[in-house]
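**Student:** Handing you a structure now.
In our numbering, the protein residues as written are 15 to 354.
Written as structure tokens, this is what we have:
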């Protein structure tokens, strides 16, 4: 779409699908009964809307404004924290709060929420980073980058189909642990990439990673709601979606910030080793493109240092993603076996 038309079509393409989904829901999904005795909690809704809105803006603009060096970011963080605090106090004291905080007494639900958050942190951040890596550093055209990233979705589809069938017979926590192990292995493989990485390596690693993620989604939802009181399931589904969105925003913001910071650090470290007295710059194969006595040579060398620094910064982000994914495993230990 971006190659043939424009990047905006990535979003336009969802319009007819959304219209079809809305029509399908209106025609085939039955209305739920309204509970007149449970009026909508506008106060709680306002508090949580302000808290989430301020947090999202802070995460979106933080990198560009140098985070807490900016008065705007400090103000947004204070507003978000205060609104969250007021929401919690209101939820504890109101007769009919927007979300009954008793839902957090369920261990499976709480651990599932934490796992969902960590998964969201790495998934969208990885897609955003990998797209830039392929096009900006490895210099793949848009079409080729799409072809390389496509098999990841195939792996997810295959794994979700299998996991949906297997989860009936196996403790879902085991499937989540398996998916986490596969995904973290794929991230570790990505930390071994270099500027000479082949397209096949990128495709194969992406497929493995997608397969691992697909093994997590269905079992995670299963054990997350398996012990939750039915009266809390609507609230639980809403919170699950909210936590995933916050995790995705936080992941992109934090890992992009780390990428930019590490790029500068690695560039400075590489530049320290550049000197006209280094014998490597006098070797026949090197002297021509990187001749430090000419402007073109210095520009070529600067571009190569940029590429190397960017690659090292991406590899550092992949290391963090590996650790974040592995951090899910201890969270499975605080959950309990589902009800039968």
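Cβ coordinates follow ideal geometry from the N, Cα and C atoms, glycine included.
1. Please report the distance separating the alpha-carbon of residue 25 from that of residue 33.
2. Any idea if residue 252 is buried or exposed, counting beta-carbon neighbours within 10 angstroms, 16 or more meaning buried?
3. Can you give the Cα-Cα distance for residue 327 and residue 273, rounded to whole angstroms?
4. Alpha helix (DSSP H) containing residue 158: first to last residue?
5. Give me, in chain order, the residues of the same chain whose beta-carbon lies closer than 7 angstroms to that of residue 216; leave out the 5 immediate sequence neighbours on both sides.
6. My parser needs the alpha helix (DSSP H) runs of 4 or more residues fully inside the stretch 41-109; what are they?
7. I need the boundaries of the alpha helix (DSSP H) containing residue 214, first residue and last residue.
8. Closest to residue 74 by CA distance: which of 345, 263 and 41 is it?
9. Tell me whether the stretch 176-183 and the stretch 334-352 touch, counting them as touching only if at least three CB pairs, one residue from each stretch, are closer than 8 angstroms.
10. Do the stretch 314-332 and the stretch 125-138 touch if we need at least three Cβ pairs shorter than 8 angstroms?
11. If you draw a straight line from the C-alpha of residue 277 to the C-alpha of residue 310, how long is it?
12. Can you name, in chain order, every residue of its own chain whose Cβ lies under 6 angstroms from the Cβ of residue 354, other than the five neighbours on each side?
13. By Cβ distance, which residues of its chain are closer than 6 angstroms to residue 91, with the 5 residues on each side in sequence left out?
14. Can you tell me whether residue 173 is buried or exposed, with buried defined as 16 or more other CB within 10 angstroms of its CB?
15. Using three-state DSSP, classify residue 208 as helix, strand or coil.
16. For residue 118, count the other beta carbons within 10 Å of its own beta carbon; 16 or more makes it buried, fewer makes it exposed. Which is it?
17. Determine the burial state of residue 120: buried for a count of at least 16 other Cβ atoms within 10 Å of its Cβ, exposed for fewer.
18. Compute the beta-carbon to beta-carbon distance between residue 227 and residue 137, rounded to the nearest angstrom, for a pair I have assumed lies under 8 angstroms.
19. Assuming residue 276 is part of the alpha helix (DSSP H), what are its boundary residues?
20. Quick one: grab the DSSP three-state call for residue 349.
21. Thinking C-beta only, is residue 129 closer than 8 angstroms to residue 234?
22. Where does residue 354 sit, in a helix, a strand or coil, going by DSSP?
23. Can you name, in chain order, every residue of its own chain whose Cβ lies under 7 angstroms from the Cβ of residue 57, other than the five neighbours on each side?
24. Express the C-alpha separation of residue 101 and residue 65 in angstroms, rounding to a whole number.
25. So the candidates are 177, 170, 231 and 179; which of them puts its Cα closest to the Cα of residue 218?
26. Give the C-beta separation of residue 77 and residue 323 to the nearest angstrom, bearing in mind that I take them to be a contact with Cβ-Cβ under 8 angstroms.
27. Go through its chain and collect everything with a Cβ distance to residue 141's Cβ below 7 angstroms, but skip five positions before and after it.
28. Are residue 151 and residue 265 touching if we call contact CB-CB under 8 angstroms?
29. Given a threshold of 16 other Cβ atoms within 10 Å of its Cβ, counted over all protein chains shown, does residue 83 qualify as buried or as exposed?
30. Where residue 165 and residue 88 are concerned, what is the direct C-alpha to C-alpha distance, given to the nearest angstrom?
31. I need the boundaries of the alpha helix (DSSP H) containing residue 288, first residue and last residue.
32. Among the residues of its own chain, which have a CB less than 8 angstroms from the CB of residue 145, if the five just before and after it don't count?
33. Does the Cβ-Cβ distance between residue 190 and residue 224 come in under 8 angstroms?
34. Nearest-angstrom Cα distance between residue 211 and residue 332?
**Tutor:** Concretely, from the data shown:
1. Across the structure, residue 25 and residue 33 are spaced so that their CA atoms are roughly 13 angstroms apart.
2. Taking every protein chain shown into account, the CB of residue 252 has fewer than 16 other CB atoms within 10 angstroms, so this residue is exposed.
3. Cα to Cα, the separation comes out at about 5 angstroms.
4. 156-180 is the extent of the alpha helix (DSSP H) around residue 158.
5. So the list reads 162, once near-sequence residues are dropped.
6. Counting only runs of 4 or more, we get 56-76 and 85-107.
7. 213-240 is the span of the alpha helix (DSSP H), which, as asked, contains residue 214.
8. Out of 345, 263 and 41, 263 has the C-alpha closest to the C-alpha of residue 74.
9. Taking 8 angstroms as the limit for Cβ pairs, the verdict is that the stretch 334-352 does not touch the stretch 176-183.
10. No: the two stretches stay apart, fewer than three of their Cβ pairs being nearer than 8 angstroms.
11. Taking the straight line from one Cα to the other gives about 23 angstroms.
12. Low local confidence applies: a pLDDT of 47 at residue 354 is under 50, so the model's placement there is unreliable, and no value is given.
13. When the five nearest sequence neighbours on each side are left out, the beta carbons in the same chain lying within less than 6 angstroms of the beta carbon of residue 91 are those of 72, in order along the chain.
14. Residue 173 is classed as buried because its beta carbon has at least 16 other beta carbons within 10 Å across all chains shown.
15. Here residue 208 carries a coil assignment [DSSP, helix/strand/coil].
16. By the Cβ-count criterion, residue 118 is exposed, with fewer than 16 other Cβ atoms from all chains shown falling within 10 Å of its own Cβ.
17. Residue 120 is buried by the Cβ-count criterion.
18. That belief holds up - the Cβ atoms of residue 227 and residue 137 are roughly 7 angstroms apart, short of 8 angstroms.
19. In the DSSP assignment, residue 276 falls within the unbroken alpha helix (DSSP H) covering 247-285.
20. Three-state result, residue 349: coil.
21. Contact flag set, yes.
22. Low local confidence applies: a pLDDT of 47 at residue 354 is under 50, so the model's placement there is unreliable, with the coordinate-based value given in what follows. The answer is coil: DSSP assigns residue 354 none of H, G, I, E or B.
23. The answer, listed in chain order, is 104.
24. The alpha-carbon atoms of residue 65 and residue 101 are separated by roughly 9 angstroms.
25. That would be 170, whose Cα lies nearest to the Cα of residue 218.
26. 18 angstroms between Cβ atoms; not a contact.
27. Cβ within range, chain order: n/a, list empty.
28. No, they are not a contact pair.
29. Residue environment analysis places residue 83 among the exposed positions, since fewer than 16 neighbouring C-beta atoms fall within 10 angstroms of its C-beta.
30. One Cα belongs to residue 165, the other to residue 88, and the distance between them is close to 41 angstroms.
31. Element bounds for residue 288: n/a, residue is neither H nor E.
32. Once the five neighbours on either side are set aside, the close Cβ partners of residue 145 are 159 and 163.
33. Their beta carbons are not under 8 angstroms apart, which means residue 190 does not touch residue 224 by this criterion.
34. Cα to Cα, the separation comes out at about 15 angstroms.
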